[in-house]
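Let me begin by presenting the structure, written as structure tokens, before commenting on it.
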Amino acid sequence: MADILHRITIDASPERVFDALTVSEGLQSWWTQDSNATPESGSVAVFKFLQGTIVFRMRIEELVTGKRVAWLCQGDPQEWEGTQLTWDLESTESGGTDLHFAHRGWASTEGEYSRCNTTWGHLMHLLKAYAEGKPVEPHFSG
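Following numbering that gives the first Met the number 0 from start to finish, the sequence shown increments by one per residue and tops out at 141.
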């Protein structure tokens with residue numbers, strides 16, 4: 000199994016970063032405009048790409064306000080199915096957030112793995128800008 004790991008420091012509180020990861024408005028601002036999420040364990044967040052031709056469904060496994068977000072991918076992309084996404088948030092001395100992101104459980108590093116790794120790296124910077132209140136456009140807009 001292969002994992003994608005990223006770490007970034009964000010000049011915003013863990014609660015602000017948590018909101019950017021758990022409510023539709025936040026996710027639509029930095030990831031994809033066509034998304035719907037309810038910050039509730041057990042719910043399924045839906046993310047659509049390329050005019051809805053690609054759909055990701057993420058079961059929200061764990062939410063700890065200001066600390067942790069965990070999802071389990073339920074499809075549709077075959078390579079993503081069963082992978083786990085986590086965001087662990089740690090408060091910094093300055094009141095910011097150290098964000099540790101993991102996308103775990105990839106069957107191999109072939110196929111979409113490399114592209115997803117690069118995209119997640121870019122997305123972390125968009126998330127950072129959004130949480131810090133800077134102007135940002137979502138990576139996927141249609």
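Where a beta carbon is used, it is the ideal one built from N, C-alpha and C, also for glycine.
Values in this document were obtained by computation on a predicted structure and should not be read as measured data.
Using three-state DSSP, classify G74 as helix, strand or coil.
strand
How many Å lie between G120 and G74 at the Cα?
21 Å
Within 10 angstroms of its Cβ, does G63 collect 16 or more other Cβ (buried), or is it exposed?
In the sequence as presented, Gly is not what sits at residue 63; that position holds Val. Result: exposed.
Do M0 and A106 have their C-beta atoms closer together than 8 Å?
A contact, by the Cβ cut-off of 8 Å.
Would you grab the beta carbon distance between W86 and L98 for me? Rounded to a whole angstrom, and I think it's under 8 Å.
6 Å
Which one of E111, R6, V45, G94 has the shortest CA to CA distance from T21?
V45
Would Q27 be called buried (16 or more neighbouring beta carbons within 10 Å of its own) or exposed?
buried
Can you tell which of H5, S12, L4, I7 has its C-alpha closest to the C-alpha of S93?
S12
Output needed for L4: all residues of its chain with C-beta closer than 6 Å, excluding positions within five of it in sequence on either side, in chain order.
Excluding residues within five positions, the ones whose Cβ falls inside 6 Å are A101.
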